[in-house]
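Note that the sequence shown ends on residue 465 in the numbering used here; no numbers are left out.
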Amino acid sequence: MVIRNICCIGAGYVGGPTMAVIAYKCSDIKVTVVDVDETRIKAWNDEDISNIPIYEPGLEDIVAEARGRNLFFSTDVEKAIDEAEMIFISVNTPTKTYGLGKGKAADLKYIELCARQIASVAKTDKIVVEKSTLPVRTAEAIKSILDNTGNGVKFQILSNPEFLAEGTAVQDLLNPDRVLIGGEADEDGYVAISALVDVYANWVNREKILTTNVWSSELSKLTANAFLAQRVSSINAMSELCEQTGADVNEVAKAIGMDSRIGSKFLKASVGFGGSCFQKDILNLVYIAKSYGLNEVADYWEQVIKMNDHQKRRFASNIVKTLYNTVSGKKIVFLGWAFKKDTNDTRESAAIYVADDLLNEEANIAVYDPKVSEQKVLADLNYLGTRSSEVNEERVIVSEDPYEACKDAYAVAVLTEWDEFKTYDWRRIYDNMKKPAFVFDGRNILDGEELRRIGFVFKSVGV
Ligand code: NAD
Ligand code: UDX
């Protein structure tokens, strides 16, 4: 079976870049990305390519090449479903904020809506691909909805989780470590699997395309994120011990990372991991384990989250302690608000929680991030509901100029590892700050020795 027409429901951080790369690499496949969010679709279609809604290095060029040729963005979900042979579901699957499983389980309401819409619209057989990260055995629920509410056409469900990381999405999509496709182990299942394998084989070596049963594929995605997040929590746990013992976490990470069994990646101590995936997917794993009565398994993974919460809180309280136990009325500058560099995404960013703790201590916060707007910063804080939006607006300012932000500040805190922070004129910053001038490097990116020479009191994580 040869695929000529693909639809993707969800034009977010995964659907947008993933489909842009498929269209870019497969010029004979028409790819339509649909979303209910009109503003987002409008931005994807903006004539000025720099206005596309997601910032990822290299994405503008890919979209510019494919858009209008075989890549389309639309709000007409039904038309796109009707025309496609293969439909990717790439909608959000946040942690439930209500009812059973509140605070842990994945909220699958958007997935169910998609399944029902596909079932009601489809007049020809379809391959439905789970691109969203889903709890193991979700395909069963999707199949049940499709088969029981559809128009008698046949559906095949594939699981094809996405492993891209934000900030490197385009490179990850162009050169993936692997592509994972799970499907049913019968003849129709094999036909569907090989149709999707053939799409990826346009640019990915077939040896890197793994095929498995659906449940292994669904569970592998949660497992991969749990293992990655666990490494960050493990090194962050050691960072606290380093601070007490005179060891240097950067040296420890280098020493253990050179063991080829451990490997050097994902060992950077930090203010704590953020992003839309790690916490949500581990909580989901914890919920699934508990629902099977596997309490020890659940507790084991939950500790990764607890360690991360501790690391964020510890960073904030260290600022308060160092500033003579009070930050009340003091201006503290946040360099960076995004959850990592090279993205405009702020979901679950450590910066939000550190700011919330410091605002509880009555600090004034000035934020500078090269890709995050004032509106987003305030929305993130308001979402927590810790205090009124008026108070947040009063106490938090977002600056477009880092030097302006640092003027008259008591302390600068680095929350995101944007490269540009390393190139600043730190003497100029020092001259304009209150003394003693403090820098808290939550990403271990600045040259501490140089900053101390200038006169700063410099603190990093795990040193
Ligand atoms: P996102 O919130 O950026 O995008 C999801 C989009 O789906 C939104 O624009 C929303 O309007 C749209 N949507 C929701 N319901 C819809 C419906 N019924 N019809 C049409 N559009 C609908 O989310 P994301 O970051 O792209 O994540 C999507 C999925 O991919 C999640 O399951 C996530 O866990 C997974 N994932 C994310 C990443 C990542 O780095 N962000 C990486 C791998 C996997
Ligand atoms: C993650 C997975 O890496 C990706 O495979 C999956 O598809 C989605 O979730 P993402 O959340 O986009 O990707 O970014 P990632 O690079 O994993 O970083 C997550 C968080 O961990 C960031 O806040 C980052 O700063 C932090 N981190 C990462 C560290 O603190 N130290 C590290 O060594 C690595």
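Cβ coordinates follow ideal geometry from the N, Cα and C atoms, glycine included. The structure presented is a predicted model; accordingly, all values stated were derived computationally and were not measured.
- Taken from the Cβ of TYR289, every heavy atom of the ligand NAD lies 6 angstroms or farther away.
- Looking at the backbone, the Cα of LEU102 and that of PHE458 are separated by about 50 angstroms.
- ASN327 has its alpha-carbon roughly 56 angstroms from the corresponding atom of ASN215.
- Here ASN153 is exposed. Its C-beta has fewer than 16 other C-beta atoms within 10 Å.
- Judged by DSSP in its simplified three-state form, TYR57 adopts coil rather than helix or strand.
- Between the stretch 318–325 and the stretch 353–365, the count of Cβ pairs shorter than 8 angstroms is three or higher; the stretches touch.
- Shown here for VAL465: same chain residues with a beta carbon closer than 6 angstroms to its own, the five before and five after excluded, namely ASP250 in chain order.
- The three-state reading of DSSP puts TYR289 in helix, counting H, G and I together.
- Residue environment for PHE336: buried (at least 16 other C-beta atoms within 10 angstroms of its C-beta).
- Across the structure, SER401 and SER278 are spaced so that their CA atoms are roughly 25 angstroms apart.
- Just measuring C-alpha positions, the residue of PRO178, LYS106, GLU80 and LYS98 sitting nearest CYS116 is GLU80.
- Per DSSP, reduced to three states, the secondary structure at PHE460 is strand.
- Judged by beta-carbon spacing, ILE83 lies within the 7 angstroms limit of VAL123, meaning their Cβ atoms are closer than that value.
- Taken through DSSP and simplified to helix, strand or coil, TYR355 comes out as helix.
- In the DSSP assignment, PHE317 forms no beta bridge with any residue.
- Contact residues of the ligand UDX (beta-carbon closer than 6 angstroms to any heavy atom; chain order) are GLU164, PHE165, LEU166, ALA167, GLU168, ASN227, LEU230, VAL234, PHE268, LEU269, LYS270, SER272, PHE275, GLY276, GLY277, CYS279, PHE280, PHE341 and LYS342.
- Per the DSSP secondary-structure output, ASP443 pairs in a beta bridge with VAL416 and SER462.
- In chain order, ILE56, GLU168 and ASP347 place their CB closer than 7 angstroms to the CB of TYR15, counting only its own chain and leaving out the 5 sequence neighbours on each side.
- Between the stretch 398–414 and the stretch 427–442, the count of C-beta pairs closer than 8 angstroms reaches three or more; the two stretches touch.
- Excluding its 5 nearest sequence neighbours in each direction, PHE74 has C-beta neighbours in its own chain below 6 angstroms: THR34, listed in chain order.
- Here the stretch 227–244 makes no contact with the stretch 195–213; the two share fewer than three CB pairs at distances below 8 angstroms.
- For a cut-off of 8 angstroms, the C-beta gap from TRP46 to GLY12 is around 12 angstroms, too long to register as a contact.
- Non-local beta-carbon contacts of VAL93 in its own chain, meaning distances under 7 angstroms to residues more than five positions away in sequence, involve ILE11, GLY12, TYR112, ILE113, CYS116 and SER134 in chain order.
- Between the stretch 268–277 and the stretch 232–247 there are three or more inter-stretch CB-CB distances shorter than 8 angstroms, so the stretches are counted as touching.
- Not one heavy atom of the ligand NAD lies closer than 6 angstroms to the C-beta of TYR57.
- MET21: member of the alpha helix (DSSP H) spanning 17–27, first to last residue.
- Distance from the CA atom of VAL23 to the CA atom of VAL4, rounded to whole angstroms, is 18 angstroms.
- Look at VAL16: its beta carbon is less than 6 angstroms from one of the heavy atoms in the ligand NAD.
- Contiguous alpha helix (DSSP H) elements confined to the stretch 205–251 occur at 216–247, taking only those with 4 or more residues.
- The beta carbon of TYR385 sits no closer than 6 angstroms to any heavy atom of the ligand NAD.
- With a threshold of 16 other beta carbon atoms within 10 Å, VAL193 falls short and is exposed.
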